[in-house]
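Student: Input: one structure, supplied below.
Residue numbers (my numbering): 18 to 94.
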């Protein structure tokens, strides 16, 4: 599937859980990128998730990204 507002919110909440409990964060991706039907809302999720990953890095909490086939550039960005 693609990344829309619901997926972005779930990822953000999962990252918050990792931050709160000081545990590693792992995500498994299989996607082509942003959900085009949601336009700007979908693109904003990329910024939201990037911000959460920066918070994990600042806290020294490991982030593991497993990209499965097919995963294209939109998601890996």
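Backbone N, C-alpha and C fix where the C-beta goes; we use that ideal spot for every residue, glycine too.
Could you check the C-alpha separation between residue 89 and residue 22 for me, to the nearest Å?
Tutor: On the chain shown, residue 89 is found 72 positions in, with the first residue counted as 1. On the chain shown, residue 22 is found 5 positions in, with the first residue counted as 1. Each residue's Cα considered, the two are about 19 Å apart.
Student: By alpha-carbon positions, which one of 48, 34, 20 ends up nearest to residue 10?
Tutor: In the structure displayed, the chain extends from 18 to 94; residue 10 sits before or after that span and is not available.
Student: According to the neighbour-count rule (16 or more other Cβ atoms, all chains shown, within 10 Å of its Cβ), is residue 66 buried or exposed?
Tutor: Position 49 of the chain shown, counted from the first residue, corresponds to residue 66. Per the 10 Å Cβ criterion, buried.
Student: Among 86, 58, 82, which has the Cα closest to the Cα of residue 3?
Tutor: This structure cannot settle anything about residue 3, because the visible part of the chain is limited to 18 through 94.
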